[in-house]
Structures are given as structure tokens and as C-alpha cells.
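**Student:** In my numbering, the protein residues as written are 161 to 534.
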Amino acid sequence: MKQPDSQKIEQQVTSVDLVLPELHKGDATGNHTRLIQQLLKNQGISTRIVIAHKYNKQGVVNNSNAADANIITLNEWTASADFTILQHSITSQCVDHIIQKNIPIILNYHNVTPAKFFESWNPQFASVLEASRQQLDKLAPLTIRAIADSHFNAAELKALGIRDVKVVPVLWCLNTLRTQSPPAPSAIPADSGNILFVGRIAPNKCQHDLIKALSVLSQFRPKATLMLVGEPSPPAYQHALKNLTQHLGLTSQVTFTGKVSDNELRRHYESADVFLSASEHEGFGVPLVEAMSMGLPAVAYAAAAIPETLGGSGLLLNDKSPATLGCTLQRILSDNNLRKTLRDYGIESARRFDISATSEQMWNALQDLLEANR
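Right, here's the structure in full:
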């Protein structure tokens, strides 16, 4: 990882606390926080990660190294560091504590999913999301500077009156998935095709649209499959999706994997022919970047931060009707040259999010923020 000159900042800042609700392996926000911690450590800045509880609701240790002295719980935290960086996307006791104690923060905003998507599926979680939005309103006066994953997220912060917002993508080590250069696309049998989606099985991500698209695609390719990789949130939505697949006669063609390991995730990317997203709300979209880096052509509905994450690669659609999605998939699966073009553009676009590039952007943003507020 390239390390910019740290001489100037080291004269001013010696400690930073990184606050987030939970920390566990495989979580994008947790990995992002760990990489910020490593970035600051490399610059000689002492850091601690602050989490709400040692254990999550399932009783699982809430970090990947329970003995790590640089990870503390909220009841151990004294907010004595030079600066506090809060990762915010969901309500938590950490956020409540910061608001109650009026602790100045650098806000690293990952967006809050609008509650409307969950109101009919999980009213309790919809209330949690609404509370998360309300907390964001209360955090605005405490925010001395902010960092957003995307310009889409930045616009929300600016609408709250936070004037100085830096845009830095999520820090993510793509090499954990990509172990070799993606192969050139080969011809796909005329009756098949493997479609992939990675992410939570959730109403805002609209997997029902993907299943309906498969129904259209199956008219051209009766052996086409759809792989939905991710945990259900909430289970009621996944249950409805399974009922939909049964109603459409697609039970044997749609697979729900649940949570998978990194090795399993890699295999899913490697065996897929197209990545398809019909999501209506994404603050960034890590799986899109993963797909591009793996050489997988991406088709996505042009909503929220998705267009800027794809960055001109992939196929962006303003219409996600089953006919449009299904026929677009058929077009890509039938055209080897088009898939190669999308593959090449995607690989090039994903380089914007290489850890060496994003860590330098984060350092530049933090350096500016910390110097400005010391």
C-alpha cells in the first residue's frame, strides 16, 4: 500500500477512535473500518475500534480477534482520542452515546436504507431504519467533517447542512476474491446461462424483479439459472420470493445460498455469466465492484449510487420490467463480443477501487480533515 508523507499530520494528531455498532468478519463496514485502522497505524497514529457490545445478538464474539487490545466496548470508551470517526448506516447505542455526550465526530456515512422498503415486510426493522435517519439529523450538528462513500451519499449529508463532505469509496481488498486474471468469455450453450446476484435478500434490492426476469429469459434459455447469494433480511421477503419461484415454475432454476464463505463467493463469481441487479437503493454497492473485478459483465437498474459505482462500465437500464431485463440478459448471453467488451470495461473500472487507490484517497481526506480541525 502506498503511504503518503505523514510528517505534517503526525505533528498534530496522535490518536483516533473508530466507532461502529458491530465488527465481524465478512461485513463491508467492518472490513472498511479495519483498513482505516491499518492506514492510520501505518502513519504512526494510535487507533482503537469501539463497538457497542463484545457479543452480537446471537452470542457470537463481535470481532475477529477477541483478544485484540485495540478493540473496546462502549462502556470502556472515554472518548479521549484526538478525533472520533463514526461509521454510520444503522442506529446503535454508540450513536446514542455520541449524541447524548455531544462528542464531535468525523462522520463516515454509508447511507441508511429508506424505511419504506421494509414497512410491509418487517415493521419493527422499518422503525429501526427510521430511527437511524433521525439519528443522522442529530449527528449533523456534531459533525465537524464528513466522508461519504459516493456522491449520492454526499448529497444527503449536504442536504442536512453539512457543508464540507469528502467522497471516498468503501475500502475493500478485492484481491481476496481475485486470485488470477479473469479468463476471456467463452461461448455459452444456447439453452442455458448463469445469472448471479450477491447481497442481502431484501426488499430494497428487489430480487423479485430478478426472478421475473429469469422467467422471461427462460423462454429463450430453458436451462438458465439464477443464483441469489446472501442472507435474508427479513426472512418473510425470502419466503415470498420462494413462493414466486414456485408460482412461475422456476423452483429448480433459482438457488438461495444464504451466507457463504469467501471461497464459496469466489466460486459463484467464477461460475456466473452475468451479474444482475435491480436494486432501488444502494449507497455504494460492493458486489458490483467485486463482479467487475472478476471480469463478470454487469447489468443494473440505474438507481441511487449504482451509476457512479459502475462508472460507465456494464449496462445501466432505466427500465427494469421483466421483459427489459430478460431480453437484455438474452442479448448479453448471445453475444460473446459484447460480453468481452463488458468484461474489459469492468476490469478497468474496478481499478478505481483498488485498495492502493482508495486508501490514498482516504488518507488525503483524513489528512485534510484532521489538519483542519486540530
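Beta carbons are placed, not taken as given, at the ideal position from N, Cα and C, and that holds for glycine.
Return the Cβ separation of L388 and V414 in integer angstroms, given the expectation that the two are a contact with Cβ distance under 8 angstroms.
**Tutor:** 7 angstroms
**Student:** N282: buried (16+ other C-beta within 10 angstroms of its C-beta) or exposed?
**Tutor:** buried
**Student:** Please report the straight-line C-alpha distance between A306 and N268, rounded to a whole angstrom.
**Tutor:** For A306 and N268, the distance between alpha carbons rounds to 6 angstroms.
**Student:** Which ranges does the alpha helix (DSSP H) cover as unbroken runs of at least 4 residues, wholly within the segment 349 to 382, from first to last along the chain?
**Tutor:** 367 to 380
**Student:** Counting only runs of 3+ residues fully inside the segment 419 to 462, write out the beta strand (DSSP E) ranges in chain order.
**Tutor:** 434 to 437 and 458 to 461
**Student:** Judging by CA-CA distance, which residue of F435, H311 and L178 is the nearest neighbour of N191?
**Tutor:** L178
**Student:** Are L476 and A462 closer than 8 angstroms when you measure CB to CB?
**Tutor:** yes
**Student:** Assuming the contact rule is C-beta atoms closer than 8 angstroms, I211 and L180 should be a hit. Round their C-beta distance to whole Å, please.
**Tutor:** 6 angstroms
**Student:** Where does V176 sit, in a helix, a strand or coil, going by DSSP?
**Tutor:** strand
**Student:** Taking the beta strand (DSSP E) that T501 belongs to, which residues open and close that run?
**Tutor:** From DSSP, T501 is part of no beta strand (DSSP E) but of the alpha helix (DSSP H) over N496 to A510.
**Student:** Alpha carbon to alpha carbon, what distance is there between K500 and K217?
**Tutor:** For K217, the pLDDT reaches just 47, beneath the cut-off of 50, and the residue's location in the model is therefore unreliable, leaving the point undetermined.
**Student:** Can you tell me whether DSSP reads G472 as helix, strand or coil?
**Tutor:** coil
**Student:** How would you label N271, buried or exposed, when you count the other beta carbons within 10 angstroms and need 16 or more for buried?
**Tutor:** buried
**Student:** What separation, rounded to the nearest whole angstrom, lies between the Cα atoms of D351 and S439?
**Tutor:** D351 and S439 have their alpha carbons spaced roughly 27 angstroms apart.
**Student:** When the distance is taken between beta carbons, is L410 closer than 8 angstroms to L377?
**Tutor:** no
**Student:** Can you check whether the CB of E450 is closer than 8 angstroms to the CB of Y429?
**Tutor:** yes
**Student:** I need the straight-line Cα distance from A227 to L337, nearest angstrom please.
**Tutor:** Low confidence applies to A227: its pLDDT is 48, below 50, so where it sits in the model is not reliable, and the reading given next is rough at best. Near 27 angstroms, if we compare the C-alpha coordinates of L337 and A227.
**Student:** Counting only runs that start and end within the segment 253 to 283, where is the alpha helix (DSSP H) found for 4 or more residues in a row?
**Tutor:** 253 to 261
**Student:** Once the 5 residues before and after T189 are set aside, which same chain residues still bring their CB inside 7 angstroms of it?
**Tutor:** L180, Q247, S249 and H270
**Student:** What did DSSP end up calling I231 once you bin it into helix, strand or coil?
**Tutor:** strand
**Student:** Mind checking K276: buried by the 16 CB within 10 Å criterion, or exposed?
**Tutor:** exposed
**Student:** If you pair each beta-carbon of the segment 319 to 334 with each one of the segment 390 to 399, do three or more pairs fall below 8 angstroms?
**Tutor:** no
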